[in-house]
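The listed protein sequences derive, respectively, from chains E and A. Using the working numbering, you'd call the opening residue of the first sequence number 1 and step up by one each time. Using the working numbering, you'd call the opening residue of the second sequence number 244 and step up by one each time. Here's the structure, in structure tokens; my notes come after.
Protein chains: 2
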Amino acid sequence: MTQQLKTYKDIRQIVMARITSQIWPVGELIPNEQDLAEEFGVARATVNRAIQEIADAGFVERRRKAGTRVVPRRSRDAVVQIPIIGEQISDMGRYYSYQLVAREIVPVTKKIAKELSLTPRTPAMHLICRHFADDIVWQLEDRWINLAAVPTVKAQKFDVIGPNEWLVREIPYSNAEHVFRAATASSIERRHLDLESDEPVFVIERKTWQASNIITWVRLSHSGNRFSMTTRDEIPYGKDALE
Amino acid sequence: MTQQLKTYKDIRQIVMARITSQIWPVGELIPNEQDLAEEFGVARATVNRAIQEIADAGFVERRRKAGTRVVPRRSRDAVVQIPIIGEQISDMGRYYSYQLVAREIVPVTKKIAKELSLTPRTPAMHLICRHFADDIVWQLEDRWINLAAVPTVKAQKFDVIGPNEWLVREIPYSNAEHVFRAATASSIERRHLDLESDEPVFVIERKTWQASNIITWVRLSHSGNRFSMTTRDEIPYGKDALE
DNA sequence: CAATTTATTATGTATGGACATAATAATAAT
DNA sequence: ATTATTATTATGTCCATACATAATAAATTG
Numbered sequence: 001m002t003q004q005l006k007t008y009k010d011i012r013q014i015v016m017a018r019i020t021s022q023i024w025p026v027g028e029l030i031p032n033e034q035d036l037a038e039e040f041g042v043a044r045a046t047v048n049r050a051i052q053e054i055a056d057a058g059f060v061e062r063r064r065k066a067g068t069r070v071v072p073r074r075s076r077d078a079v080v081q082i083p084i085i086g087e088q089i090s091d092m093g094r095y096y097s098y099q100l101v102a103r104e105i106v107p108v109t110k111k112i113a114k115e116l117s118l119t120p121r122t123p124a125m126h127l128i129c130r131h132f133a134d135d136i137v138w139q140l141e142d143r144w145i146n147l148a149a150v151p152t153v154k155a156q157k158f159d160v161i162g163p164n165e166w167l168v169r170e171i172p173y174s175n176a177e178h179v180f181r182a183a184t185a186s187s188i189e190r191r192h193l194d195l196e197s198d199e200p201v202f203v204i205e206r207k208t209w210q211a212s213n214i215i216t217w218v219r220l221s222h223s224g225n226r227f228s229m230t231t232r233d234e235i236p237y238g239k240d241a242l243e
Numbered sequence: 244m245t246q247q248l249k250t251y252k253d254i255r256q257i258v259m260a261r262i263t264s265q266i267w268p269v270g271e272l273i274p275n276e277q278d279l280a281e282e283f284g285v286a287r288a289t290v291n292r293a294i295q296e297i298a299d300a301g302f303v304e305r306r307r308k309a310g311t312r313v314v315p316r317r318s319r320d321a322v323v324q325i326p327i328i329g330e331q332i333s334d335m336g337r338y339y340s341y342q343l344v345a346r347e348i349v350p351v352t353k354k355i356a357k358e359l360s361l362t363p364r365t366p367a368m369h370l371i372c373r374h375f376a377d378d379i380v381w382q383l384e385d386r387w388i389n390l391a392a393v394p395t396v397k398a399q400k401f402d403v404i405g406p407n408e409w410l411v412r413e414i415p416y417s418n419a420e421h422v423f424r425a426a427t428a429s430s431i432e433r434r435h436l437d438l439e440s441d442e443p444v445f446v447i448e449r450k451t452w453q454a455s456n457i458i459t460w461v462r463l464s465h466s467g468n469r470f471s472m473t474t475r476d477e478i479p480y481g482k483d484a485l486e
């Protein structure tokens, strides 16, 4: 009521509603910007902004001259938040603590050499840490750090702050690759994760790099019985015009 | 060379580089739009568009009057693609096939009643299917469909096309919640997934709904030894100006 | 009829100007 | 000194217009 003129958010919301309600079904061309601008009583630039964002979110495809088309719902994306471990545990309302199990500078194994793109037997820093939620082991961290990429790491003791926290502060912007898998627990994991017999582990492996320099590789293991990852993905642009 | 004037993508790229290279470090205010517009020789609207997108990607925070600030790298997001199973297997260059193991309309169990928000013992469609890659079982699908939300499902036999494919076509735009976990194989999974002894399973559970109507709940299980999920997350706006 | 050129069209991007809005700072009033 | 008012500032949004660009359709040519 208080609102007469339509904003680009209104238009984004209306267009999105027409797509999800299949007024404009999958495969269909939607009206061009000029027509929509007239319908809504706004400038073409305003319509353009609204539909651009919908296209960025992947619901329509736009091609010059051809127009804008509703695309079939592609493979679902699930945005998984890989949380900072301490924050995650605090958010659960539990007490977080950290323990350094091992810290050594040793030649890389063949597998790690490959992961870090180093020649075999180059020295690297190897760390093993445990992360607790209320005195229950929540995560076992098995990490290798490339000394050439992060020379300052040699001065770090990691006795009070964990390597992840330190690295995020030292190298805030890096690229990453994650692998998620279910695995049978290794002997190290059985020793440190306090597992029931035959309990599987949920493993997250992460490699991070910056401009082709591989910085670190880490394997994060969790009790299969106690750990899961959840994501909730809602169709965007639902009703933020009412905000 | 061929390019004299700066586009909003150029500016986005330059600003992003200054952030990742810590010329503008975490916590710092960056110059205001007017100043940047003058520096780059463009209109303020152009700078606005560039920085808006960087803000949407979560690298800076903008507040009126206060200005634009580089934010600390928050919890990592990993965008996991939950693929359409058939496409995923074809993309691996393998032959996809599908088998319906069971199809029945039965009262829901207590657990499923909760997942689908139904009163206990309401009838629902229960399906068990197997998805193969070159005659190896790749995925076991255990699905429940809410008959009230999708009445047309009763006419579907699912003998040649899988329920997921059918549902995506029937209800293209729905919200979803995913849970990923590592689990010990159940007897059904051992029977149908062709597992080694004590091999864990990688489980994806998905619930989908549309406007508060829960449509379906599904548990997708995979061999822990053969299955993993990978994501690669790169810092955006690196060099698309060179495209 | 096929191949090439030209016109048309929808989207993509930029501009300068305008006004709105939220947050802060400065000022005035109690 | 505290509180209420007013000014200032950076971002948020919109407009009308202009021109660029990619894709397609139409017209022309060999």
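Glycine included, each C-beta is placed from N, C-alpha and C at the ideal position.
Residue i vs residue j beta-carbon contact at 8 Å
i, j, result
"H435(A)", "R373(A)", "yes"
"V80(E)", "V323(A)", "yes"
"T289(A)", "A298(A)", "no"
"V246(E)", "A425(A)", "In the structure as shown, chain E begins at 1 and stops at 243. Residue 246(E) is therefore absent and cannot be evaluated."
"R255(A)", "E296(A)", "yes"
"N389(A)", "I328(A)", "no"
"V106(E)", "V70(E)", "no"
"N32(E)", "G67(E)", "yes"
"I89(E)", "A321(A)", "no"
"M368(A)", "V403(A)", "no"
"D441(A)", "D198(E)", "yes"
Pick from the options that is closest to residue i, judged by C-alpha positions
i, options, result
"W409(A)", "L370(A), F375(A), S429(A)", "L370(A)"
"Q453(A)", "E170(E), T122(E), Q22(E)", "Q22(E)"
"K400(A)", "V285(A), L343(A), Q256(A)", "L343(A)"
"V446(A)", "T427(A), S440(A), I457(A)", "T427(A)"
"H222(E)", "L195(E), S212(E), T216(E)", "L195(E)"
"P72(E)", "D35(E), V108(E), M125(E), V60(E)", "V60(E)"
"Y480(A)", "A293(A), T352(A), I332(A), D334(A)", "A293(A)"
"W144(E)", "F40(E), L220(E), D35(E), W24(E)", "L220(E)"
"E413(A)", "Q277(A), P394(A), K308(A)", "P394(A)"
"S360(A)", "A391(A), I431(A), D278(A), F283(A)", "A391(A)"
"L29(E)", "K65(E), I14(E), D198(E)", "K65(E)"
"E39(E)", "K110(E), I188(E), I14(E)", "I14(E)"
"S212(E)", "T20(E), Y173(E), S187(E)", "Y173(E)"
"T20(E)", "V285(A), V411(A), M335(A)", "V411(A)"
"T459(A)", "P406(A), G284(A), R287(A)", "P406(A)"
Cβ distance (whole Å) where residue i is taken to contact residue j below 8 Å
i, j, result
"E115(E)", "K207(E)", "6 Å"
"A113(E)", "P123(E)", "11 Å between Cβ atoms; not a contact."
Heavy atom of the ligand ADP within 7 Å of residue i beta-carbon
i, result
"R287(A)", "The ligand ADP is not part of this structure, which contains no ligands at all."
**Asked** Does the region 337-349 of chain A come close enough to the region 368-385 of chain A to have 3 or more Cβ pairs within less than 8 Å?
**Response** yes
**Message:** I want to know whether the region 419-435 of chain A touches the region 226-242 of chain E - three or more CB-CB distances under 8 Å.
**Reply:** yes
**Cβ pair count under 8 Å reaching 3, the region 247-254 of chain A against the region 220-230 of chain E** = no
**Request:** Please list the residues of the region 418-439 of chain A that have a C-beta atom closer than 8 Å to any C-beta atom in chain E, keeping them in chain order.
**Result:** Along the region 418-439 of chain A, the positions whose C-beta sits under 8 Å from a C-beta of chain E are N418, A419, E420, H421, V422, F423, R424, A425, A426, T427, read in chain order.
**Request:** Using a Cβ-Cβ cut-off of less than 9 Å, give me the residues of the region 316-340 of chain A that come near chain E, in sequence order.
**Result:** R316, R317, S318, R319, D320, A321, V322, V323, Q324, I325, P326, I327, E330, Q331
**Asked** Along the region 36-58 of chain E, what residues have a CB closer than 7 Å to any CB found in chain A?
**Response** none
**Item:** Near-chain A residues of the region 15-26 of chain E (beta-carbon distance less than 8 Å), N- to C-terminal order
**Value:** I19, T20, Q22, V26
**Message:** Residues of the region 405-418 of chain A in Cβ contact with chain E at a cutoff of 7 Å, in chain order, please.
**Reply:** Listed by position, the residues of the region 405-418 of chain A near chain E (Cβ gap below 7 Å) are V411, P415, Y416, N418.
**Asked** Just by C-beta distance, which residues in the region 103-131 of chain E are closer than 9 Å to chain A?
**Response** For the region 103-131 of chain E, no residue has a beta-carbon sitting nearer than 9 Å to a beta-carbon of chain A.
**Item:** the region 227-238 of chain E: positions lying closer than 8 Å to chain A by Cβ
**Value:** F227, S228, M229, T230, T231, R232, D233, E234, I235
**Item:** Contacting positions in the region 131-157 of chain E - beta carbon closer than 7 Å to chain A
**Value:** Within the region 131-157 of chain E, no residue has a Cβ that lies closer than 7 Å to any Cβ of chain A.
**Asked** Mind listing which residues of the region 207-226 of chain E have their C-beta closer than 7 Å to chain A's C-betas, in chain order?
**Response** G224
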